[in-house]
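Counting in the numbering used here, the sequence shown runs from 815 upward without gaps.
Below: one structure, written as structure tokens.
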Amino acid sequence: MNKALLLVNITAILIGVSYGMHGPILPVFAKNVIGATYAELGVIGLANFLPYMFIPLFVGLLLNRFNNGYLLSIGVAINSVSVYLLSIAQSVPEIMGFRVLTGIAHAFFWPPCEAIISNVSKGKSRVRNIATFTGFFTTGFMIGPLLGTVILDSFDLTYRILFEIAAFVLAAAIISSLVVSKNRIKEKHKNFNFSSLKKIIEFREVIIMLLFCTSSFGMILTIFPAFLNDRDMSAVNIELLFFIFGISRVSTLILAGKLAKKTSVTLITATISISLGLFVAFTSHSIFEFALALLLMGYGFSIFFPLTLEIILSKTRKEMSGTMIGAYETTFGIGWAIGPISAGLISEFFGNDAPYFAFFVLGIAVTILAIVKRKVLEPNRNPNL
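Here it is, written out as structure tokens:
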């Protein structure tokens, strides 16, 4: 494996472990310790993902001018601080402020990593390398909840101590991110061109599917743990369920290369899988039923990322790839922001199970669109792009 790819993947797994340790527990902490309502949980989720609606555009432009490893290091440092600060939070506004920092940091993680991978990849290897990178992050996100379960169950530690441990794990990723910055990579895109962002509009069908996927994903990450807790799932059970979620995601990414051969069909099955998972979650009351829901959604959420990014990059000139990555990640931010706030408000006014049925119906509509427009959901197979 290329040295830069190895370092990026090491960074990804460490960040994934940290996210997996504290992410599923944060909504439970906010609800049970701080006293947040479902609407406030939605606002906390919005605060986390709102920066991701704008910052990736800025980072995407910086990718054309600065060492991507340095940008990645900045993101990891900010992220470490933001997670540590959760351990001293005493109110919903404080958690919101710290999650804004996390959102900013996240925007300095994905785009630089994608740019590094794109720069050292050729032809079909890009899908495989991006899927491998995502797989390392997802493996970390799978291991994290398991470690969180051991920490909470075996050592009887508080949520706040768990946040501190997660912050130190994240801080370890600064080492690998700084080393990758020393590994100078020849940049393939140097144009500082804002007008190239308009090209993302050409991928309307992909954007619609991404918005459904990311808004659903945002809801699962920020609201679903509190819903699980209300349906009598303990903190340990919630961590175990997200471990199962991680198994599904990692297993899917291992097969990403084969699934990429029929991109449109795979994306259609992904929307169906997410929709069915949401419906199962809507009707579930036991840990086994919730595990089935997360297994279904894990497949859909995981395969969306490498395939949709490949569709866009395969039809984009190399000199525009930096800004296109920024625009693509901004689409993620919009979806991640929509999901938590809408799910939080729906839960508050219509019941805590209502968002999952609403998103299930939306998923069916998106699936129909994907079937009708399946021809545009295939990447350009020209290896020169």
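From the three backbone atoms N, C-alpha and C, an ideal C-beta is built for every residue, glycine too.
Nearest-angstrom Cα separation, counted from F1102 out to F872: 43 angstroms
Does the stretch 955-962 touch the stretch 908-916, meaning 3 or more C-beta pairs lie closer than 8 angstroms? no
Three Cβ pairs or more, each shorter than 8 angstroms: is that satisfied between the stretch 969-982 and the stretch 849-860? no
Residues in its own chain within less than 7 angstroms of L1073 by CB, not counting five upstream and five downstream? T1080, I1117
Span separating the alpha-carbon of V1050 from that of P870: 34 angstroms
Assign S968 to buried or exposed, taking buried as 16 or more other Cβ atoms, counted over all protein chains shown, within 10 Å of its Cβ. exposed
Buried/exposed call for R1063, threshold 16 Cβ in 10 Å: buried
Length of the line joining the Cα atoms of N943 and N1194: 17 angstroms
Is M1033 near F1173, with beta carbons less than 8 angstroms apart? yes
Alpha helix (DSSP H) segment containing I1101, residue limits: 1101-1128
Give the DSSP-derived three-state secondary structure of D1046 in the structure shown. coil
Check whether the Cβ atoms of A826 and F951 lie closer than 8 angstroms to each other. yes
Spatial neighbours of I1178 in its chain, beta-carbon cut-off 8 angstroms, leaving aside the 5 residues before and after: S1089
At 4 residues or longer, what runs of the alpha helix (DSSP H) sit wholly inside the stretch 1012-1092? 1018-1036, 1038-1044, 1049-1068, 1070-1073
Within a Cβ cutoff of 7 angstroms, which residues of the same chain sit near L1067, ignoring the five residues on either side of it in sequence? A945, T948, G949, T952, S1116
Pick from F1096, C1027, W1150, G1091: whose alpha carbon is nearest that of R1045? F1096
When we look at the beta-carbon of E1016 and count the other beta-carbons within 10 Å, is it buried (16 or more) or exposed? exposed
Rounded to whole angstroms, what is the Cα-Cα separation between I829 and S896? 13 angstroms
With Y866 and G1147 assumed to form a contact (beta carbons below 8 angstroms), what rounded beta-carbon distance in angstroms separates them? 3 angstroms
According to the neighbour-count rule (16 or more other Cβ atoms, all chains shown, within 10 Å of its Cβ), is R940 buried or exposed? buried
For the alpha helix (DSSP H) containing G834, name the first residue and the last one. 817-836
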